[in-house]
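In my numbering, the protein residues as written are 43 to 381.
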Amino acid sequence: MKILVTGGLGYIGSHTCVELIKSNYDVIIVDDLSNSKEKVLDRLEQITGKRPKLYKYDLKDKSKIEEIFKENKIDAVIHFAGFKAVGESVQNPMKYYNNNLVSTINLLEVMKKYNVKNIVFSSSATIYGNVGIPKYTEEMGRGKTSNPYGTTKSMIEQILEDIYNSDNSWSISILRYFNPVGAHESGLIGEEPNGIPNNLMPYIMKVAVGELEVLNVYGNDYETEDGTGVRDYIHVVDVAEGHIKALEKLEKENNGLYIYNLGSGKGVSVLELIHTFEKVNNIKVNYKIAPRRPGDLAIYFADPSKAKRELNWETKRSVEEICRDSWNFIKNNSERKSK
Ligand code: NAD
Ligand code: UD1
């Protein structure tokens, strides 16, 4: 089967390409390199022995998407491409509405034209909004999002639902990720944010490797066990495997609209993550307690039981493995950079 992976050179996309190739899918990538590097393609080849075909196109250009569908007989699409920085989306909402929505609408229109109606979409736990209870189940539905990035995810979910309601020969899988972290065990691919990271694990990695001095722990007065924020951190390879399971389901069932949480079901606090990282890697992470970050929730984690029941998917990798693989990647990468 030929799978078009949009955003396939990015963080989650690249790990998913590895799992797709391992499962004998034929992978085609479209990525405009707006938040990734072409060297990831070499790394994919190093890991899998296969080099996926790459189209360096922007999905906002519909004629380029048409070109891909004309040249290749695509069976299904996994749609990762999009911008994802929450803070930037607040500063520059139109950049997010334009890129995330226009790209997706173009893609869906071309898919329809070429009668390719199988799609797996990257959504996020952010679509639940501020629910008031920590454990999120799919049935809760979409709440009020707190930033334009989250709103684009919510809007795309709605678009996909409307498409399915208008034509139920589509097969759509919406995956709501919790907090993807970690890296491939080879140390060859991982997350490389530009500039100063906003998210916790990339920040820990930069402090551990000595590129940043100190990590701010945003608040230790939340109503959680140690007072710091609690999230559901999930190894990126577990996330990637979730996509394979979602694709298999679409192949098997032929059509339908499915929504799944991809999370571990376990909440981990900021301090727990820092201390596990220190212990597993035998390295000190310099941190200090800082005021709460505006907009943050105290605690949330996934109810992943639907994915377990219907996809036979669950996380296999522990927080210790997450910390080990993250460190392995950043260490190798800064060594490579300094050579
Ligand atoms: P990423 O930025 O590493 O990957 C996205 C890729 O899409 C990049 O390689 C980028 O160059 C490409 N891209 C962006 N706009 C494009 C366009 N118009 N045309 C072609 N390519 C384009 O992000 P990621 O962490 O791998 O996330 C993948 C998806 O999962 C995103 O949609 C993101 O919103 C979603 N998601 C991510 C997280 C997370 O924590 N990483 C959590 C929930 C959901
Ligand atoms: C945010 C986004 C989510 C996005 C995710 C990427 C919202 C509501 N959530 O989630 O959409 O998918 O990023 O993984 O927009 N923290 C620190 N110090 C730091 C950074 C973070 O203490 O330097 C704390 C935060 O306060 C939070 C936890 O670490 O308690 C996790 O933060 P982060 O990694 O930014 O992810 P989320 O905010 O959960």
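For each residue, glycine too, the CB sits at the ideal point set by N, CA and C.
Counting only the same chain and skipping the five closest in sequence on each side, list residues whose C-beta sits under 8 Å from that of residue i.
i: Asn370; result: Ala225, Glu227 and Gly229
i: Ile169; result: Arg184, Gly185, Thr187, Gly192, Lys195, Ser196, Glu199 and Arg218
i: Asn296; result: Ser213
i: Gly284; result: Leu217, Tyr302, Leu304, Ala349, Leu353 and Trp355
i: Phe122; result: Val47, Thr48, Gly49, Gly50, Gly52, Ile54, Gly55, Thr58 and Ser164
i: Ile246; result: Leu257, Leu315, Ile316, Phe319, Val327 and Ser368
i: Lys104; result: Asn148, Glu151 and Val152
i: Lys137; result: Phe125, Glu130 and Ser131
i: Ser65; result: Ile286
i: Lys291; result: Ser215, Tyr300, Glu352 and Leu353
Hey, is residue i close to the ligand NAD, as in C-beta under 7 Å from one of its heavy atoms?
i: Asn140; result: no
i: Phe111; result: no
i: Val152; result: no
i: Thr193; result: no
i: Thr48; result: yes
i: Asp74; result: yes
i: Leu101; result: yes
i: Gly232; result: no
i: Gly183; result: no
i: Ala123; result: yes
i: Asn77; result: yes
i: Lys126; result: yes
i: Gly55; result: yes
i: Ser145; result: yes
i: Ser164; result: yes
Is it buried or exposed for residue i, if we count other Cβ within 10 angstroms and need 16 for buried?
i: Asp84; result: exposed
i: Ser56; result: buried
i: Gly52; result: buried
i: Asp280; result: buried
i: Arg184; result: buried
i: Ile175; result: exposed
i: Pro336; result: exposed
i: Asp268; result: exposed
i: Ala118; result: buried
i: Asp338; result: exposed
i: Met243; result: buried
i: Lys115; result: exposed
i: Gly252; result: exposed
i: Glu113; result: exposed
i: Ser368; result: buried
i: Lys287; result: buried
i: Ala167; result: buried
i: Pro333; result: exposed
i: Asn221; result: buried
i: Ser211; result: exposed
i: Glu233; result: buried
i: Arg366; result: buried
i: Gly309; result: buried
i: Ser208; result: exposed
Near residue i, what residues of its chain come up, given a Cβ to Cβ distance below 6 Å and the 5 sequence neighbours on each side ignored?
i: Pro135; result: Pro190
i: Met43; result: Tyr67 and Asp117
i: Asn141; result: Phe125
i: Asp106; result: Note on identity: in this sequence residue 106 is Lys, with Asp being the wrong assignment. Cβ neighbours of Lys106 beyond the five flanking positions: Tyr99.
i: Lys154; result: none
i: Phe111; result: Val152 and Tyr156
Verify the contact flag: residue i, CB atom, against every heavy atom of the ligand UD1, threshold strictly below 7 Å.
i: Gly52; result: no
i: Arg218; result: no
Spatial neighbours of residue i within its chain, please: C-beta separation below 7 Å, excluding the five flanking residues on both sides.
i: Glu265; result: Ala340
i: Ser270; result: Here residue 270 is Thr; the residue named in the question, Ser, does not match the sequence. For Thr270, where only same-chain residues beyond five positions count, the Cβ hits under 7 Å are Val259, Gly261, Asn262, Tyr264, Ser311, Val312 and Leu313.
i: Val82; result: Leu51, Ser56 and Ile231
i: Lys381; result: Because Lys381 carries a pLDDT of 46, less than 50, the predicted location of this residue cannot be relied on, and the following value inherits that uncertainty. Result list for Lys381: empty, nothing under 7 Å.
i: Asp74; result: Lys98, Tyr99 and Asp100
i: Thr90; result: Val60, Ile63 and Lys64
i: Pro235; result: Pro244
i: Ile331; result: Val259 and Asn262
i: Val173; result: Met182 and Gly185
Count the CB pairs spanning the segment 147-155 and the segment 274-284 that are closer than 8 Å, and state whether there are at least three. no
Would you call the segment 174-191 and the segment 125-135 in contact, with 3 or more CB pairs under 8 Å? Touching, yes.
Could you say if the segment 160-169 and the segment 308-327 meet the contact criterion of at least three C-beta pairs nearer than 8 Å? Judged by Cβ distances under 8 Å, the segment 160-169 makes no contact with the segment 308-327, as fewer than three pairs qualify.
Indicate whether the contact test is met: 3 or more Cβ pairs, each with one atom in the segment 357-365 and one in the segment 231-239, closer than 8 Å. no
Given 8 Å as the limit, is there contact between the segment 288-305 and the segment 344-351, that is, 3 or more CB pairs closer than that? yes
Beta carbon nearer than 6 Å to a non-hydrogen atom of the ligand UD1: Val128, Ser166, Thr168, Ser188, Asn189, Gly192, Asn221, Asn240, Asn241, Leu242, Tyr245, Leu257, Asn258, Val259, Tyr260, Gly271, Arg273, Val312, Arg335 and Asp338
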